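Encoded as structure tokens, the structure appears first; notes follow it.
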Amino acid sequence: MVLQSLVWQFLDLAPRFPKLQAFLQFWTREIEGAIHSVTVANAALAAPAKWRHLDGVWRLQ
1 MVLQSLVWQF
11 LDLAPRFPKL
21 QAFLQFWTRE
31 IEGAIHSVTV
41 ANAALAAPAK
51 WRHLDGVWRL
61 Q
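If you're matching positions, the sequence shown starts at 1 in full-length UniProt numbering and goes up one per residue.
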């Protein structure tokens, strides 16, 4: 038994996830191996950091 993990980081459109669906269809059609499970991360976890205004000035000398 071989257990492998594939991390695929790509922005996709929820809730249908067209890029993920296309990848899974390709895998089913072209690869000899079953996919056990798929986990989709929350957009809040993958979102860029938010900027906020800080009150003050920092100078490096």
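Glycine residues also receive a C-beta, built at the ideal position from the N, C-alpha and C atoms.
Bear in mind that the values here come from a model prediction, so they are computed numbers and not experimental data.
Do you know whose CA, among Leu60, Gly56, Val40, lies nearest Gln9's CA? Among Leu60, Gly56, Val40, the Cα nearest to that of Gln9 belongs to Val40.
How long is the line joining the alpha carbons of Phe26 and Asp55, rounded to whole angstroms? The straight-line gap from Cα to Cα measures roughly 51 Å.
What span of residues does the alpha helix (DSSP H) with Gln25 cover, start to end? Element bounds for Gln25: 18-30.
Are Leu20 and Asp12 touching if we call contact CB-CB under 8 Å? With contacts defined by Cβ atoms closer than 8 Å, Leu20 and Asp12 form a contacting pair.
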